[in-house]
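Asker: Residues in the sequence shown are numbered consecutively from 87, following the working numbering.
One structure follows; several queries about it will come next.
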Amino acid sequence: MAFPPEFVEELRNRITLSEVIGRKVALKRKGREYAGLCPFHNEKTPSFWVNDQKAFFHCFGCGAHGDAIGFTMRIEGLTFPDAVEKLAHDVGLAVPVATPQERERAQAAATLHTVASMAARWFETQLRMPGGRVGLDYLRGRGLSDDAIERFQLGFAPDNREALQVALKRDDVTEQQMVDCGLVIRPDEGGRAPYDRFRGRVMFPIHDRRGRVIAFGGRVIGQGEPKYLNSPETPLFHKGDNLYCLHLAREAAAKDRPVVVAEGYMDVIALHVAGFDGAVAPLGTALTEGQLALIWRMADEPYLCFDGDNAGKRAAQRAAERALPLLAPGKSLRFVSLPPGEDPDSLIRKGGPAAFDAALKAARPLVDVVWEIETVGQPDETPERRAAIRAALRQRAATISDPAVREQYRNELDQRFDAAWPRFRSTGRLAGPGIAGGQRRQRFLDRPIRREPSLEDVAWFRKGAALATAGHDLDPGRREGLLLGALLLHPAWLEVLAEELAALPLTGNERERLRAALLEAAAEVDHPGPGEDVAALEAVAIARHLGLAGLTATAEALRQDAIRGFGPSEPEAAARERWRREAESHRLAFAEVSELRAAEASFASDPSEANWDRLQALRHQSIRSARTGSGGG
């Protein structure tokens, strides 16, 4: 029985080889491969290896070698058709009936492959013609060399309704074949002439896994909508089951290169040119289940790299939500965070391959993104709101189909929740039952200085001082958060503010760790090369060090909080100088608090009149400072 080549290829793509062989052989993971005792000869030391990415097994003892179909034929004594039917049943793939109609469709598909290839060559030729100069200038303006343009078979579609049709008809291509290939549109209204789908666009051929042209993407030159136009669904092309540059990325993945999913064609090309030749992109849609299966076949933990804008963040969230139900042991995603306004192409042009490599090293696991989706920016002031956050986190974990992975996610998210919101947490309220806060404050302020002070005075002092400063616009903890957030918002400032940051007093271990990450990033970009974008390099270095410290979510919350205080509404130089003033005020205020606490400790150990007088003087100074809004006056 003969099977259509497309069906056999689809079957091979759906099969995970280690799962097929693992039903018959006890396999143990060894890095990216699996090892076990060969089922085809007797041995005591494993020499049988399975590689999912390359989709073959090999025994170094007896030389057995093959793919999933060959293994099934040999281990179960089946013929090729029987092995194909068994494996297709296992993965839920319907076996096509080899009817004359099926054979005719296969023949037609082969013809369409030829038509698509002819169109690709014609587009390439047009790019080098005088009319294609505008497209060539665009590509060169994006930094592409002639070698890169040729390697990716980039072309140009003239702004003409029938130029492609005329060219293909000379080679005996029929109008119907052009329509079936998605190259020509035939209007529904009778009497109107068919017209070329792609006009006035730079052309990006889309290939299948075997490197055959199956579709196109076109980028408009100048004004026009849509900016990018893709081929429609055709007998050759199904958007959700293909990726741009998949044929090249498969070769790179087989050499253990990282697999990176970017958003656009130019991003993918820039990554390949920079040496990241495992890069692919979806085809005008959000990542589909089929596309996730394709990238997981190439790598256990591929990288998703979306633009550093709000749309990119939404794309990352959608990808995380789509991936969760499909997770399996060892199969996940890592998310690359780019600086705001950057994409892989712009980042590489500014900072070179090293900048993107640093971003890859700082990539966050999927669980971080899930955590941020449900926690960053969510109100948490009441027990009910915190309970809602926990419920949402658990609901995310519940969407994971694999029970082992689901349990791990629930445990991890529960642990993070408990660390972020401890069960016993102070409300910060000082007013007790029966006495309103304002009454307590007045009662404290009206107390005369006692000739024989006691420890009770210290207790009253602590509560009164806190209440007296409660109306201040910016408490120290809030101010230090804004100062740190401003540096995250403006990473280039680190180059000139590193010393002030090092001297900034901070409260809490988490913020100390965040400062350490910022200073390490500043030291890493201490001597940028000529022409390098310092802000981009700093942002990438910061992202990497924050990721290593597990502070990405904390930093993002501080950065978002700082947008209002240090956002784009103020000239950058003025905002930077204001940061310096705020930092100095914070330092002086912190010094006052430290001195005040030392005075409290002195009075607690020796409640003398002198210690009391010193404590009262410092207390009045603290209240005056709070009222003037300055730590040092």
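Beta carbons are placed, not taken as given, at the ideal position from N, Cα and C, and that holds for glycine.
Thinking C-alpha only, which one of V220, N595, E585, L592 is nearest A608?
Answerer: Ranking the options by Cα distance to A608, first place goes to E585.
Asker: Since E119 is in the beta strand (DSSP E), which residue starts that stretch and which ends it?
Answerer: Per DSSP, E119 belongs to the beta strand (DSSP E) from 119-122.
Asker: If you reduce the DSSP assignment to three classes, tell me which class F442 lands in.
Answerer: In this structure, F442 counts as helix in the three-state DSSP scheme.
Asker: Take every Cβ of the segment 333-349, pair it with every Cβ of the segment 291-308, and state whether three or more of those distances are shorter than 8 Å.
Answerer: Yes: at least three Cβ pairs fall under 8 Å.
Asker: Would R247 and R285 be called neighbours here (beta carbons separated by less than 8 Å)?
Answerer: It is a contact, given that the beta carbons lie within the stated cut-off.
Asker: Report the CB separation of G577 from A621 in whole angstroms; it is logged as a contact under 8 Å.
Answerer: At residue 577 the sequence reads Pro, which differs from the Gly that was named. About 6 Å separates the two Cβ atoms, so the contact holds.
Asker: Report the residue from L570, E498, E467 whose alpha carbon sits nearest the alpha carbon of R662.
Answerer: Ranking the options by Cα distance to R662, first place goes to L570.
Asker: Throw me the rounded Cβ distance for the K172 and T158 pair, which I believe falls under 8 Å.
Answerer: Sure, about 6 Å apart at Cβ, within 8 Å.
Asker: Here's the rule I'm using: 16 or more other beta-carbon atoms within 10 Å means buried, otherwise exposed. How should H631 be labelled?
Answerer: H631 should be labelled buried.
Asker: Given this structure, state the Cα-to-Cα distance separating A660 from A356, to the nearest angstrom.
Answerer: Cα-Cα distance, rounded: 36 Å.
Asker: Counting only the same chain and skipping the five closest in sequence on each side, list residues whose C-beta sits under 6 Å from that of G370.
Answerer: Around G370: N316.
Asker: Answer yes or no: do R565 and H672 have a C-beta to C-beta separation smaller than 8 Å?
Answerer: In this structure, H672 lies closer than 8 Å to R565 by Cβ.
Asker: Quick one: does E129 have its CB under 8 Å from some CB of chain D?
Answerer: Annotation note: the requested chain D is absent from the structure, which comprises a single protein chain.
Asker: If L575 and I649 are in contact, beta carbons under 8 Å, what's the gap, nearest whole angstrom?
Answerer: That pair is a contact at about 6 Å.
Asker: Does the beta-carbon distance from A488 to I475 come in below 8 Å?
Answerer: One detail in the question is off: residue 488 reads as Asp in this sequence, not Ala. Cβ atoms of D488 and I475: not closer than 8 Å.
Asker: Look up G286 in the DSSP assignment and say whether it is helix, strand or coil.
Answerer: Coil at G286, not helix or strand.
Asker: Quick check on this structure: which residue in V679, A405, R100 has the alpha carbon closest to the alpha carbon of L373?
Answerer: Of the candidates V679, A405, R100, the one whose C-alpha sits nearest the C-alpha of L373 is A405.
Asker: Whole angstroms are fine: how far does the CA of G463 sit from the CA of K341?
Answerer: Answer to the nearest angstrom: the Cα atoms are 41 Å apart.
Asker: Going straight from the alpha carbon of V347 to that of E681, what length do you get?
Answerer: Distance between the alpha carbons of V347 and E681: 54 Å.
Asker: Measuring CA to CA, which of G636, R278, S133, A625 is closest to R597?
Answerer: Among G636, R278, S133, A625, the Cα nearest to that of R597 belongs to G636.
Asker: Under 8 Å, do L604 and L580 count as touching if we go by C-beta distance?
Answerer: A contact, by the Cβ cut-off of 8 Å.
Asker: Quick check: the segment 221-228 against the segment 266-277, are there 3 or more CB pairs under 8 Å?
Answerer: Output reads no: the segment 266-277 does not touch the segment 221-228.
Asker: Tell me, please, which residues DSSP counts as bridged to F242.
Answerer: The partner list for F242 (beta bridge, DSSP) reads V288.
Asker: Helix or strand or just coil, what does DSSP make of F689?
Answerer: Here F689 sits in helix by DSSP.
Asker: Is F146 buried or exposed, if buried means 16 or more other CB atoms sit within 10 Å of its CB?
Answerer: Classification of F146: exposed, given that the 10 Å Cβ count is below 16.
Asker: Could you tell me which uninterrupted beta strand (DSSP E) segments, each at least 3 residues in length, are contained entirely in the segment 331-381, listed from first to last along the chain?
Answerer: Counting only runs of 3 or more, we get nothing.
Asker: Under 8 Å, do R480 and R496 count as touching if we go by C-beta distance?
Answerer: In contact: R480 and R496 (Cβ atoms closer than 8 Å).
Asker: Here's the rule I'm using: 16 or more other beta-carbon atoms within 10 Å means buried, otherwise exposed. How should S655 be labelled?
Answerer: With fewer than 16 other Cβ atoms within 10 Å, it is exposed.
Asker: Within 7 Å: the Cβ of E585 and any heavy atom of the ligand FMN?
Answerer: This structure does not include the ligand FMN; it has no bound ligands of any sort.
Asker: Go through its chain and collect everything with a Cβ distance to D692's Cβ below 7 Å, but skip five positions before and after it.
Answerer: So no residue of the chain qualifies.
Asker: How long is the line joining the alpha carbons of G651 and G567, rounded to whole angstroms?
Answerer: Their Cα atoms are separated by approximately 11 Å.
Asker: Which runs of the alpha helix (DSSP H), 4 residues or longer, sit entirely within the segment 211-281?
Answerer: Counting whole runs of 4 or more residues, the segment 211-281 contains the alpha helix (DSSP H) stretches 219-227, 232-237, 249-256, 261-266.
Asker: Within 10 Å of its beta-carbon, does M215 have 16 or more other beta-carbons around it, so buried, or fewer, so exposed?
Answerer: Classification for M215: exposed.
Asker: When burial is assigned at 16 or more other CB atoms within 10 Å of the CB, is N328 buried or exposed?
Answerer: Classification of N328: buried, given that the 10 Å Cβ count is 16 or more.
Asker: Let me confirm a value: C148 is counted as buried when at least 16 other C-beta atoms fall within 10 Å, else exposed. Which label applies?
Answerer: It counts as exposed.
Asker: Check this for me: beta carbons of Q251 and A206, under 8 Å apart or not?
Answerer: No.
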